[in-house]
Structure formats: C-alpha cells, structure tokens
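Residue numbers (the working numbering): 1 to 351. For glycine and all other residues, C-beta sits at the position ideal for the given N, C-alpha and C. Reading through the structure tokens given below for one structure.
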Amino acid sequence: MFFASDNSGPVPPQVLAALAEANTGYAMGYGADAEMAEVTSRIREIFEAPEASVFLVATGTAANALALSTLCQPFETIFCTPTAHIHEDECNAPEFYTAGAKLTLVPGAPGFDDKMTATALRATIAKEETRGVHGPQRGPVSLTQVTERGTIYSLAELHELSTVAKAFNLPLYMDGARFTNAMVALGCTPAEMTWKAGVDAVSFGGTKNGLMGVEAVIFFDPAKAWEFELRRKRGGHLFSKHRYLSAQMLAYLTDDLWRENAIKANQNCAYLVEGLRRANAPFLHDPQANMIFAALPRATHQRLFDAGAAYHLWDGPLEGDPTELVAARFVCDWAISKDQIDHFLALATQT
Ligand SMILES: *Cc1c(COP(=O)(O)O)cnc(C)c1O
1 MFFASDNSGP
11 VPPQVLAALA
21 EANTGYAMGY
31 GADAEMAEVT
41 SRIREIFEAP
51 EASVFLVATG
61 TAANALALST
71 LCQPFETIFC
81 TPTAHIHEDE
91 CNAPEFYTAG
101 AKLTLVPGAP
111 GFDDKMTATA
121 LRATIAKEET
131 RGVHGPQRGP
141 VSLTQVTERG
151 TIYSLAELHE
161 LSTVAKAFNL
171 PLYMDGARFT
181 NAMVALGCTP
191 AEMTWKAGVD
201 AVSFGGTKNG
211 LMGVEAVIFF
221 DPAKAWEFEL
231 RRKRGGHLFS
241 KHRYLSAQML
251 AYLTDDLWRE
261 NAIKANQNCA
271 YLVEGLRRAN
281 APFLHDPQAN
291 MIFAALPRAT
301 HQRLFDAGAA
311 YHLWDGPLEG
321 DPTELVAARF
331 VCDWAISKDQ
341 IDHFLALATQ
351 T
C-alpha cells in the first residue's frame, strides 16, 4: 500500500534486461556510447524535433538546475510558482548552479491547484526590473507538468503562458519529472506539449515513471548544447560509464514502455480515486494524473498506517481529534497492484 511517491516502486523487467544486455564488452564513456546515439535519434523522432540536443542526467534536481543555469544569468531571476520543486525541494540547487540567480514566485491561482496563470505571470514579470541596475533582471519562466499539486496545464494554458514569456523575450523551461503522466492524460503529442506550445527546454522524466535513475534534458535550440555539456561536466553530472544511463532510457523508449507506464500509473490512481469517492472522501481538487490530495478522518489514517500503508499527511499531524478530517497526498506508480489498492480501500472505508 505504497502511495508515498512514484519513486518507490520497482524497475520494470525490460529495463533490467536492457541493463544486463548493455553489460557486455566495451563501450566509449561520457555519452559516446552507441546507445546514446540511438536515444538521441529516438527522442528527436518522438518530439518531432530533428535539431534537438539531448542529454542524460541521473536526477531531476540536476536536470532542473543544470538546464536553468544554461538559460539564466547569475543576475537574473527565474519565475516559478510557490510550490515549484525548484523552489521547495532542491535545497537551493538552482540558485547554486546558476551562481546566485534568484527565484521570483508567481502567486498561484486561488484554490489548491496552484497552477501559474498568464495574468499572474504577466503582472509578476512586469513588476520586476523596476529598479534598473539595482534589481534582479528578468530570466526564464519555469513550469512543472504534472504540477507539484498533481494538476495539469492544458495546451491552451501552456500557449498563454509561453505567449507572456515570449512577449518579454524570456525562455520557457518545463520541469517534466512526470512529463508522460501529463501527456497521456492530455492525449497530446510530446511536441504539442513542448516546442509547439513555446517550451524551449524540458526535463523528460524517467525515474518517477519506472527507470532506475535517468532524466533526459532536451533543448529545442541546439545553440545551448555546448554550454549545457560544459555545465554538466563541471557540475559533476557527466557519467563516465554513461552507457548504463543510455540503456535505461532506450528501454524506456522501446515498445512504448514510457507511455504504457504512465497510462498504468494514471489508471491506478483513477481506480484509487473511484474507491475514495465511494467512501465520500473530500478531494482538494479534481484528480487529473497520478497524484491526488484527499482527506480522511485521523482514526482512518491511524488504521492505515498501522496496517503498513505509506503516504504523506498534508495538512495536520496524526495526533488530535480522531474524527477530524486530515488531507493527505497519494501518488500511484505504474506498478502498484489492484489488490494493494483494494486492500487500502477496504481499510479506508471500514467503519
Ligand atoms: C521528483 C521530482 C523532481 C526530481 O527530483 P530528484 O529527486 O532530484 O530526482 C523534479 N521535479 C518534480 C516536480 C518532482 O516531483
């Protein structure tokens, strides 16, 4: 009954098999392996971007911080939401890798979903640079898709946001740790959700969707490639035995594993949602992908934790009035079984 995050499940057997297959003989290091050439051409094909530059790193934090440092000068500021992973969960890695750029928070829409709106983005950017040489200069806009609150920007919303960024001549970056979960939920193509919507660079997440530890950073403008290459090496994220990263990503892109896993994760979550709705659990927003926020009485949380369920309480401690509702975050990965979800729901609905 593991709903703490989608990085806690196993790796699909295809990925392990690909690693075993890559584990024979010799290969050039540092990304010069044959698998990486294939990864690049597959990603260019999938994204309909024949010029795109593709790099692999082992963590999403490295992907975000290195990509943003390539798009941002130290005296600039990055526009993101208050709940952005780059703001809340990366121990200041973006500030560190950009050599001191700031993050400027764009207030989220009222309500829980915390998506950036074009209106708020325009107002926040306009307010910056009012102090000339004394203030931070305007830098990239960073969006997360799926957001940290489990919501999804529609293609129309992405277009509106990129129109604002472009009006100020600012690059648009997408943190795609859950890229494919959003893409299959929207039923769109990778190109539609990125460069066709005005996204300049994206992290194409693998780890949360079944890989052992690989994210691809994609720049649609190859002019940035060399700088990223240098920054990745300088930051200690250029892998020597790189073929083992490539092999994972290649397995991910083979036989639609990336899509299949995301579809499974979203379906598993939809199944959990259905059950929680039957139990009349209130949701903090309409579930869209594989991460949801729902409230249960404290006594129910206690029963679930006692039975070994794993997930994070969101807005309150476990101690207190046992009848009071406390919201929690639940994330489903590709691997969680219906049996596990059924077991969880049986405990959640027990009176
Ligand atoms: C998990 C996650 C990342 C990547 O985190 P790492 O732990 O560094 O791999 C980035 N962005 C979002 C929104 C995430 O959920």
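Quick one: is residue i buried, meaning 16 or more other Cβ sit within 10 Å of its Cβ, or exposed?
i: residue 26; result: exposed
i: residue 248; result: buried
i: residue 76; result: buried
i: residue 222; result: exposed
i: residue 230; result: exposed
i: residue 208; result: buried
i: residue 189; result: exposed
i: residue 364; result: Nothing in the structure corresponds to residue 364, since the chain is present only between 1 and 351.
i: residue 226; result: exposed
i: residue 61; result: buried
i: residue 197; result: buried
i: residue 165; result: buried
i: residue 355; result: Here the chain comprises residues numbered 1 to 351, so residue 355 is not present and cannot be evaluated.
i: residue 288; result: buried
i: residue 145; result: buried
i: residue 181; result: buried
i: residue 320; result: exposed
Assign residue i to one of three DSSP states: helix, strand, or coil.
i: residue 101; result: coil
i: residue 291; result: strand
i: residue 335; result: coil
i: residue 238; result: coil
i: residue 112; result: coil
i: residue 285; result: coil
i: residue 310; result: strand
Between which two residues does the alpha helix (DSSP H) carrying residue i extend?
i: residue 190; result: 190-193
i: residue 319; result: First-last for residue 319: undefined, no H or E at that position.
i: residue 276; result: 257-278
i: residue 124; result: 118-127
i: residue 299; result: 298-306
i: residue 247; result: 243-253
i: residue 88; result: 85-88
List the whole-angstrom C-beta distance separating residue i from residue j, where the pair is believed to meet the contact cut-off of C-beta under 8 Å.
i: residue 43; j: residue 263; result: At roughly 20 Å, the Cβ-Cβ gap does not stay under 8 Å, so residue 43 and residue 263 are not in contact.
i: residue 143; j: residue 174; result: 5 Å
i: residue 106; j: residue 120; result: 5 Å
i: residue 148; j: residue 136; result: Not quite, the Cβ-Cβ distance comes to about 23 Å (not below 8 Å), so this is no contact.
i: residue 294; j: residue 327; result: 7 Å
i: residue 205; j: residue 178; result: 6 Å
i: residue 33; j: residue 285; result: Rounded, the Cβ-Cβ distance is 43 Å, inconsistent with contact.
i: residue 347; j: residue 299; result: That belief does not hold up - the Cβ atoms of residue 347 and residue 299 are roughly 11 Å apart, past 8 Å.
i: residue 176; j: residue 202; result: 5 Å
i: residue 58; j: residue 228; result: So it is not a contact: roughly 15 Å between Cβ atoms.
Tell me the residue span of the beta strand (DSSP E) that contains residue i.
i: residue 215; result: 215-219
Return yes when at least one heavy atom of ligand 2 lies under 7 Å from the C-beta of residue i, else no.
i: residue 98; result: For ligand 2, the structure offers nothing, since it holds only ligand 1.
Which residue spans inside the segment 1-77 form an unbroken beta strand (DSSP E) run of at least 3?
53-57
What alpha helix (DSSP H) runs, 4 residues minimum, are completely inside the segment 130-211?
155-167, 179-186 and 190-193
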